[in-house]
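Student: Take a look at this one; I'll ask things after.
Numbering (my numbering), first residue to last: 10 to 193.
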């Protein structure tokens, strides 16, 4: 099972040959025999389901990642983008995101609210559609809230694949309606 010899006391974390213990691969085999739980499991703060209202260490994990902001949006929520959302623009925007998502503003049914954060856009148009219209493009399409430090209304259009095909970009472009950007 192990390629190396486990030298040292398995119960004593100071003498255990950690590299041999993880089969020489510390990335894939973090704790194959579950020894760390035995060494320090009783020292890890924990709470059972009956005490979910009480805070414990680690409760704020993920706050800086803004994991709490993501969630399912209603089909009637608006999706607003600056510019004309041409197929080429959508493909370019998708390539800027490491996840392959397409940037937008969402999470509200109020166009004025969603377009106020787009003042910095130099174009004279906004494009608008709904979350439901995007989902109806087919399986794999979705929109999520994806707030950033500077934009609490930021969202991401999740395409079914990366990169989009030209046909998918054209289909997405067709469902956006162009409206004047009253902030310009």
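C-beta atoms are modelled at their ideal positions from N, C-alpha and C, and glycine is treated no differently.
Based on DSSP bridge pairs, tell me the residues matched to residue 134.
Tutor: Taking the first residue of the chain shown as position 1, residue 134 is located at position 125. The partner list for residue 134 (beta bridge, DSSP) reads 189.
Student: On the DSSP bridge assignment, give the partners of residue 90 in chain order.
Tutor: Against the chain shown, residue 90 aligns to sequence position 81. 136.
Student: For a test of the three-state rule: what should DSSP assign to residue 161, helix, strand or coil?
Tutor: Locating residue 161 in the chain shown gives position 152, where the first residue counts as 1. In this structure, residue 161 counts as coil in the three-state DSSP scheme.
Student: So is residue 159 buried or exposed if we call it buried at 16+ other beta carbons inside 10 Å?
Tutor: Taking the chain shown and counting its residues from 1, one reaches residue 159 at position 150. Exposed is the call here.
Student: Are the Cβ atoms of residue 120 and residue 162 separated by less than 8 Å?
Tutor: Counting from one through the chain shown, the residue named residue 120 turns up at place 111. Counting from one through the chain shown, the residue named residue 162 turns up at place 153. Result no, Cβ atoms of residue 120 and residue 162 do not sit closer than 8 Å.
Student: Quick check on residue 172: buried or exposed, where buried means 16 or more other Cβ atoms within 10 Å of its Cβ?
Tutor: Here residue 172 is taken as the residue at index 163 of the chain shown, counted from 1. Per the 10 Å Cβ criterion, exposed.
Student: Could you pull the DSSP bridge partners for residue 98 from this structure?
Tutor: Locating residue 98 in the chain shown gives position 89, where the first residue counts as 1. Bridge partners of residue 98: none, in fact.
Student: Assuming the contact rule is C-beta atoms closer than 8 Å, residue 117 and residue 188 should be a hit. Round their C-beta distance to whole Å, please.
Tutor: Within the chain shown, residue 117 is the residue found at index 108, counting from 1. Within the chain shown, residue 188 is the residue found at index 179, counting from 1. Contact flag wrong, Cβ pair sits at about 15 Å.
Student: Hey, could you find the ends of the alpha helix (DSSP H) residue 182 is sitting in?
Tutor: As a working mapping, residue 182 is identified with position 173 in the chain shown. Looking at the DSSP string, the run of the alpha helix (DSSP H) that includes residue 182 is 175-183.
Student: Excluding five sequence neighbours on each side, which residues of the same chain lie with their C-beta closer than 8 Å to the C-beta of residue 97?
Tutor: Against the chain shown, residue 97 aligns to sequence position 88. Result list for residue 97: 178, in chain order.
Student: Tell me the rounded alpha-carbon separation between residue 140 and residue 103.
Tutor: Residue numbering aside, residue 140 sits at position 131 when the chain shown is read from its first letter. Residue numbering aside, residue 103 sits at position 94 when the chain shown is read from its first letter. Rounded to the nearest angstrom, the two C-alpha atoms are 17 Å apart.
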